[in-house]
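Asks:
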Amino acid sequence: VQLQASGGGLVQAGGSLRLSCAASGSIFSDGYMDWYRQAPGKRREWVATITVGGTTNYADSVKGRFTISRDNAKNTVYLQMNSLKFEDTAVYYCKAYSVSYRSDYWGQGTLVTVSS
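Residues in the sequence shown are numbered from 70 upward in steps of one, following this note's numbering.
1) Could you spell out where the beta strand (DSSP E) holding residue 118 opens and where it closes?
2) Which residues in the same chain as residue 87 place their Cβ atom closer than 8 Å to its Cβ, once the five residues preceding and following it in sequence are excluded?
3) I think residue 167 touches residue 119, with their Cβ atoms under 8 Å apart; what is that distance to the nearest whole Å?
4) Are residue 79 and residue 182 touching if we call contact CB-CB under 8 Å?
5) So, at 6 Å on beta carbons, what are the nonlocal neighbours of residue 141 in its own chain, with the 5 sequence-adjacent residues on each side left out?
6) For the ligand FAD, is there a heavy atom less than 7 Å away from the beta-carbon of residue 121?
7) Can you tell me where the beta strand (DSSP E) with residue 158 in it begins and where it stops?
8) What separation, rounded to the nearest whole angstrom, lies between the Cα atoms of residue 107 and residue 165?
9) When the Cα of residue 110 is compared with those of 159, 102 and 131, which residue comes out closest?
10) Give me whichever residues DSSP pairs with residue 186 in a beta bridge.
11) How long is the line joining the alpha carbons of residue 185 and residue 156, rounded to whole angstroms?
Written as C-alpha cells, this is what we have:
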C-alpha cells in the first residue's frame with residue numbers, strides 16, 4: 070500500500086493551495102480517505118473525509134474553506150484549501166482506511182506554511 074501526498078508549500082494568508090494524495094488502486098476503492106494535519110507542538114487532528122461514494126465530512130475549523138474530492142480514474146484524493154489562515158500551518162497527511170483489512174494506512178506528510 071502506498072500513499073503519496075504532494076502540493077504543500079508557502080502561501081500568504083487568504084491564498085489557496087491544492088493538496089493531492091495518490092493511492093494504490095486496491096486501497097483507494099476499499100474504504101474511505103481522510104486528510105489530517107499536525108501543527109508544530111500540537112496533536113495530529115482530523116481535517117476531512119471522503120467515502121468511496123463521495124460523501125464528505127469536515128472539521129468545523131475548515132468547513133466552508135476546504136473541499137475534499139476524489140478522482141477515481143487517477144486513484145487520487147485532493148484537498149482544495151481556500152482562504153488559508155496562519156493557523157492552517159501544519160504538516161498535512163492523507164490516510165486511507167481499508168474496510169477489508171480494517172486497517173489505516175498513512176502517507177508521508179506535506180508541509181503547508183501560511184504566512185500572516
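All C-beta atoms in this analysis are idealised placements derived from N, C-alpha and C, irrespective of residue type, glycine included.
Replies: Judging by the given coordinates:
1) On the sequence shown, residue 118 is found 49 positions in, with the first residue counted as 1. First-last of the beta strand (DSSP E) with residue 118: 114-119.
2) Along the sequence shown, one-based indexing puts residue 87 at 18. Listed in chain order, the non-local C-beta contacts of residue 87 below 8 Å within the same chain comprise 76, 147, 148, 149 and 150, local neighbours out to five positions each way being set aside.
3) Locating residue 167 in the sequence shown gives position 98, counting from the first residue. Locating residue 119 in the sequence shown gives position 50, counting from the first residue. Residue 167 to residue 119, Cβ: 15 Å. No contact.
4) On the sequence shown, position 10 is the one that residue 79 refers to. On the sequence shown, position 113 is the one that residue 182 refers to. In contact: residue 79 and residue 182 (Cβ atoms closer than 8 Å).
5) Reading the sequence shown from its first residue, position 72 is the one you call residue 141. Excluding sequence neighbours, residue 141 sits near nothing in its chain.
6) The ligand content of the structure shown is nil, which means the ligand FAD is not present either.
7) Mapped onto the sequence shown, residue 158 falls at position 89. From DSSP, residue 158 is part of no beta strand (DSSP E); its letter is neither H nor E.
8) Walking along the sequence shown from the start, residue 107 turns up at place 38. Walking along the sequence shown from the start, residue 165 turns up at place 96. Take the alpha-carbon of residue 107 and the one of residue 165: they are about 17 Å apart.
9) If you number the sequence shown from 1, residue 110 lands on position 41. Its Cα nearest to that of residue 110, the residue 159 stands out among 159, 102 and 131.
10) This structure cannot speak to residue 186, because the chain is shown only from 70 to 185.
11) Within the sequence shown, the letter at position 116 stands for residue 185. Within the sequence shown, the letter at position 87 stands for residue 156. Whole-angstrom Cα-Cα distance: 9 Å.
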